[in-house]
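Undergrad: Mind having a look at this structure? Questions to follow.
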Amino acid sequence: MVSENDVLRMARLSRLEINGEDMPEVTNKINSVLNYVEALLSADVESVEPLNHVHEISNVFRDDVVEPGGNQSELLKNAPEQRDNFFRVPLVITE
239 MVSENDVLRM
249 ARLSRLEING
259 EDMPEVTNKI
269 NSVLNYVEAL
279 LSADVESVEP
289 LNHVHEISNV
299 FRDDVVEPGG
309 NQSELLKNAP
319 EQRDNFFRVP
329 LVITE
């Protein structure tokens, strides 16, 4: 169980400001979350098979097949900007 003093300390460490009138509600919510986590940790899951994915489906792969593409000049004519036969796009990452 977390006390209001614990919540004040956590708030100070995380540089959060909690209004005095909100303190009981915040404390109750934190305790509610911690109780839920405690319930999850105490659940018996020994007989439960690990779940990799909620859907029992898998990817359908196909072989890569080379097919003729479009005409380069025809494709580039729609580009707002181009350079050296490539689309020119705005810089996204600076460092």
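Take the sequence shown: its letter number 76 is residue 314 in the working numbering, and every next letter is one higher.
We put the CB at the ideal spot given by N, CA and C, even for glycine.
Determine the extent of the alpha helix (DSSP H) in which S270 is found, giving its start and end residues.
TA: Start and end: M261 to S280.
Undergrad: Is the beta carbon of T265 less than 8 Å from the beta carbon of V283?
TA: Contact: no.
Undergrad: Check whether the region 258-277 and the region 241-249 are in contact - that is, three or more C-beta pairs closer than 8 Å.
TA: These segments touch.
Undergrad: Quick one: what does DSSP say R321 is sitting in, helix, strand or coil?
TA: Here R321 sits in strand by DSSP.
Undergrad: Give the DSSP-derived three-state secondary structure of M248 in the structure shown.
TA: Helix at M248.
Undergrad: For the alpha helix (DSSP H) that E312 lies in, which residues bound it at each end?
TA: Counting along the chain, the alpha helix (DSSP H) containing E312 begins and ends at Q310 to L314.
Undergrad: According to DSSP, is E242 helix, strand or coil?
TA: If DSSP states are grouped into helix, strand and coil, E242 belongs with the helices.
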